[in-house]
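Chains as they are written, first to last, in our numbering: chain A, 4 to 223; chain B, 4 to 223.
By construction, the Cβ of each residue, glycine as well, lies at the ideal position given by its N, Cα and C atoms.
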DNA sequence: GGATCGTTCGGGGTTTTTCCCGGATCCGCC
DNA sequence: GGCGGATCCGGGAAAAACCCCGAACGATCC
């Protein structure tokens, strides 16, 4: 019995090339799609055994499409293709229900083999990724739920923003029209809440959490 | 007269698909290569009219290969293919002597047309890129050379990296096995060179210039 | 050999930050 | 009315950061 496949990729050359390769190796390429919405719609109608999903469709909507398809069609397995090395997206795809992962640098032989194994329900992962997924799982299991940010008051946030820009307590006091001792108190309580130790760590925290304005320290 | 083409890409599926597409459209695909060294060597022997060069070979060696080939073989034109949006690499490729640029999301028709025009000596640039190159040229012409980062010594860079992680002078001194006064001196000279005023600004500078290790301030 | 530069160490000073307090007002909530 | 939280102001003290200075050593270049 032939395996039905759907190819999703926004690069026409790649898409058609893969479709032809698979066709020549005995697969039934029922459909192709160039974007996430088309992929979801067509998959719903065609119900292929395997969806070959490119991860970097415009945006990272490949993940979204994977989620929709695996959610709606439990019989359909999604084999994710990626330009390799994009760890975050790949992990997202796995969470979204992808049955396997293959780098785009794979050969035709590897591709054909991977599609066969995916159709058979065999999870396909390149060497590096298995360890990556395991590591991520371990990380999640060990760190239960501490990632919720402590709540800063409005004033503390004001001060933090300015600290992250490199202003001293006196400069911040001038801007906010308060005493520099008050600024220092806000800094102190913020340090306690965030369990940090100095202004540099505060600045890093602000930058990583999008609290900074992204301006250059110098006059520009 | 047929146009001879060489295809350089580290993805076998893509490479062979493109080769086949071009072959079916009347081009003479003389050779393919998967990495920069092979590309240079084979191009030297084959002397194709057009080289289809993938920009993201391992590393950014696509630029290097482009430079070698255009330098050695003035008759051979290099048409660069890229996953799109990688402005820096594309500009590098243009500087390296590429005759044109095409995004990988192009259709087969566009590819065929682009190769024909490249062989005819007609520069091929997608809409966005022409403006990009012009803008870059204008920027270089107007701003002679003031945007170059001041040079920090190796030790200053070491200290900067650790400052950006939120360590105090004493902590840095312990790590580098020097006196904390020496650390403070390095901080001072770095502040002067970069025209900054305190450690928070140093941290921002380090982060924006990729000098930090991207670790969380807290224990994690 | 002399000049320059990077790296190291330190003196001596001011400013800022870090940390612990107490006290005040305002505002919402039980 | 009381209670807690947010905001504000301050004292005091230790640590750290900031700023300028000289000095020594080794390496490199002319």
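Residue 180 of chain A by DSSP, collapsed to three states: which one? Counting from 1 along the first chain, the entry for residue 180 of chain A is found at position 177. Taken through DSSP and simplified to helix, strand or coil, residue 180 of chain A comes out as coil.
For residue 33 of chain B, report the span of its beta strand (DSSP E) as first-last. Position 30 of the second chain, counted from the first residue, corresponds to residue 33 of chain B. Here the beta strand (DSSP E) through residue 33 of chain B covers 31–36.
Determine, for residue 202 of chain B, whether the minimum Cβ-Cβ distance to residues of chain A falls below 8 Å. Numbered from 1 along the second chain, position 199 holds the residue referred to as residue 202 of chain B. So yes, residue 202 of chain B belongs to the interface.
Quick one: what does DSSP say residue 108 of chain A is sitting in, helix, strand or coil? Position 105 of the first chain, counted from the first residue, corresponds to residue 108 of chain A. Three-state result, residue 108 of chain A: coil.
Start and end residues, beta strand (DSSP E) containing residue 85 of chain B: In the second chain, counting from the first residue as 1, residue 85 of chain B sits at position 82. Note, residue 85 of chain B: beta strand (DSSP E), 80–85.
Which two residues bound the contiguous beta strand (DSSP E) that contains residue 57 of chain B? Locating residue 57 of chain B in the second chain gives position 54, counting from the first residue. Residue 57 of chain B -> beta strand (DSSP E) spans 53–57.
What does residue 110 of chain B reach in chain A if we use C-beta pairs closer than 8 Å? Here the question's residue 110 of chain B lines up with position 107 in the second chain. Listed along the chain, the chain A residues whose CB falls inside 8 Å of the CB of residue 110 of chain B are 15, 16.
Rank B:25, B:159, B:165 by C-alpha distance to the C-alpha of residue 53 of chain B and give the top, closest one. Within the second chain, the letter at position 50 stands for residue 53 of chain B. When the alpha-carbon of residue 53 of chain B is set against those of B:25, B:159, B:165, the nearest one is in B:25.
Using a beta-carbon distance below 8 Å, is residue 149 of chain B in contact with chain A? The sequence position of residue 149 of chain B within the second chain is 146, counting from 1. In this predicted model, residue 149 of chain B has a pLDDT of only 38, less than 50, meaning its place in the structure is not dependable enough to derive any value.
Sufficient close CB pairs (3 or more, under 8 Å) joining the region 157–174 of chain B to the region 199–206 of chain B: Taking a cut-off of 8 Å for Cβ pairs, the region 157–174 of chain B and the region 199–206 of chain B touch, as three or more such pairs fall below it.
Tell me where the alpha helix (DSSP H) around residue 64 of chain A begins and ends. Within the first chain, residue 64 of chain A is the residue found at index 61, counting from 1. Run containing residue 64 of chain A: 64–75, per the alpha helix (DSSP H) assignment.
Give me the Cα-Cα distance between residue 23 of chain B and residue 95 of chain A, rounded to the nearest whole angstrom. Translated into the one-based positions of the second chain, residue 23 of chain B becomes position 20. Translated into the one-based positions of the first chain, residue 95 of chain A becomes position 92. Taking the straight line from one Cα to the other gives about 34 Å.
Taking the Cβ atom as the reference point for each residue, do residue 192 of chain A and residue 159 of chain A lie within a distance shorter than 8 Å? For the purposes of this step, residue 192 of chain A is identified with residue 189 of the first chain, where counting begins at 1. For the purposes of this step, residue 159 of chain A is identified with residue 156 of the first chain, where counting begins at 1. Taking 8 Å as the Cβ cut-off, residue 192 of chain A and residue 159 of chain A qualify as a contacting pair.
Give a yes or no on whether the C-beta atoms belonging to residue 57 of chain A and residue 108 of chain B are separated by under 8 Å. Within the first chain, the letter at position 54 stands for residue 57 of chain A. Within the second chain, the letter at position 105 stands for residue 108 of chain B. The answer is no: Cβ separation not under 8 Å.
For residue 102 of chain A, report the span of its beta strand (DSSP E) as first-last. Against the first chain, residue 102 of chain A aligns to sequence position 99. No beta strand (DSSP E) holds residue 102 of chain A; DSSP gives it neither H nor E.
Within its chain, find whatever has a CB closer than 8 Å to the CB of residue 82 of chain B; leave out the 5 residues flanking it on each side and keep chain order. Locating residue 82 of chain B in the second chain gives position 79, counting from the first residue. Answer for residue 82 of chain B: 53, 54, 55, 56, 101, 102, 103, 104, 105, 117, 118, 121, 127, listed in chain order.
What are the boundary residues of the beta strand (DSSP E) that residue 9 of chain B is part of? Walking along the second chain from the start, residue 9 of chain B turns up at place 6. Looking at the DSSP string, the run of the beta strand (DSSP E) that includes residue 9 of chain B is 7–11.
Along the chain, where does the alpha helix (DSSP H) containing residue 15 of chain B start, and where does it finish? On the second chain, residue 15 of chain B is found 12 positions in, with the first residue counted as 1. Start and end: 15–27.
Exposure label - residue 69 of chain B; buried when at least 16 CB within 10 Å: Counting from 1 along the second chain, the entry for residue 69 of chain B is found at position 66. With 16 or more Cβ atoms within 10 Å of its Cβ, residue 69 of chain B is classed as buried.
Member of A:178, A:176, A:190, A:163 whose CA lies at the smallest distance from the CA of residue 213 of chain A: In the first chain, the residue the question calls residue 213 of chain A occupies position 210. In this structure, A:163 is the residue among A:178, A:176, A:190, A:163 with its C-alpha nearest to the C-alpha of residue 213 of chain A.
Output yes or no for whether 8 Å exceeds the beta carbon distance between residue 42 of chain B and residue 11 of chain B. Here residue 42 of chain B refers to the residue found at position 39 of the second chain. Here residue 11 of chain B refers to the residue found at position 8 of the second chain. Yes, they are a contact pair.
How would you list, in chain order, the residues of chain A whose beta-carbon sits under 8 Å from the beta-carbon of residue 196 of chain B? Here the question's residue 196 of chain B lines up with position 193 in the second chain. Those do not exist, as residue 196 of chain B stays about 12 Å from chain A at its closest Cβ, beyond 8 Å.
Taking a Cβ distance cut-off of 8 Å, strictly less, list which residues of the region 16–37 of chain A are near chain B, in chain order. Along the region 16–37 of chain A, the positions whose C-beta sits under 8 Å from a C-beta of chain B are 16, 17, 19, 20, 21, 23, 24, read in chain order.
Residue 5 of chain A versus A:29, A:188, A:20, A:21, residue with shortest Cα-Cα distance: For the purposes of this step, residue 5 of chain A is taken as residue 2 along the first chain, with counting starting at 1. In terms of Cα proximity to residue 5 of chain A, the closest of A:29, A:188, A:20, A:21 is A:29.
Of the residues B:161, B:86, B:78, the one placed nearest residue 124 of chain B, counting alpha carbons only: Working through the second chain from its first residue, we reach residue 124 of chain B at position 121. Out of B:161, B:86, B:78, B:78 has the C-alpha closest to the C-alpha of residue 124 of chain B.
Inter-residue CB distance, residue 33 of chain B and residue 7 of chain B (contact presumed, cutoff 8 Å): Working through the second chain from its first residue, we reach residue 33 of chain B at position 30. Working through the second chain from its first residue, we reach residue 7 of chain B at position 4. Yes, they are in contact, since the Cβ atoms of residue 33 of chain B and residue 7 of chain B sit about 5 Å apart, within 8 Å.
Cα separation between residue 209 of chain B and residue 199 of chain B? As a first step, residue 209 of chain B is located in the second chain; it is residue number 206 there, counting from the start. As a first step, residue 199 of chain B is located in the second chain; it is residue number 196 there, counting from the start. Note on geometry: alpha-carbon atoms of residue 209 of chain B and residue 199 of chain B lie some 12 Å from one another.
Looking only at its own chain, which residues have a Cβ that is under 6 Å from the Cβ of residue 173 of chain A, when we skip the five neighbours before and after it? Sequence index remark: in the first chain, residue 173 of chain A carries index 170 (1-based). For residue 173 of chain A, where only same-chain residues beyond five positions count, the Cβ hits under 6 Å are 183.
For chain A, check one thing: does any of its Cβ atoms lie closer than 8 Å to the Cβ of residue 169 of chain B? Within the second chain, residue 169 of chain B is the residue found at index 166, counting from 1. The beta carbon of residue 169 of chain B falls within 8 Å of a beta carbon belonging to chain A, placing the residue at that interface.
What does the Cβ neighbour count give for residue 74 of chain B, buried or exposed, with the cut at 16 atoms within 10 Å? Numbered from its first residue, the second chain carries residue 74 of chain B at position 71. Burial call: exposed.
Selection from A:215, A:155, A:60 that minimises the alpha carbon distance to residue 228 of chain A: With chain A covering only 4 through 223, there is no way to say anything about residue 228 of chain A.
Comparing alpha-carbon positions, which option in B:85, B:99, B:188, B:195 lies nearest residue 17 of chain B? Taking the second chain and counting its residues from 1, one reaches residue 17 of chain B at position 14. Its Cα nearest to that of residue 17 of chain B, the residue B:85 stands out among B:85, B:99, B:188, B:195.
Can a CB atom of chain B be found closer than 8 Å to the CB of residue 166 of chain A? Position 163 of the first chain holds residue 166 of chain A. For residue 166 of chain A, the closest Cβ of chain B is nearer than 8 Å.
Can a CB atom of chain A be found closer than 8 Å to the CB of residue 86 of chain B? As a first step, residue 86 of chain B is located in the second chain; it is residue number 83 there, counting from the start. Any Cβ of chain A closer than 8 Å to the Cβ of residue 86 of chain B would place that residue at the interface, and such an atom is present.
If you count every other CB in all the chains shown that lies within 10 Å of the CB of residue 177 of chain B, and 16 or more means buried, which is it? For this step, residue 177 of chain B is matched to residue 174 along the second chain. By the 16-neighbour rule on beta-carbons within 10 angstroms, residue 177 of chain B is exposed.
Strictly under 8 Å for the Cβ-Cβ distance: is residue 207 of chain A near chain B by that measure? If you number the first chain from 1, residue 207 of chain A lands on position 204. Yes, residue 207 of chain A counts as interfacial toward chain B.
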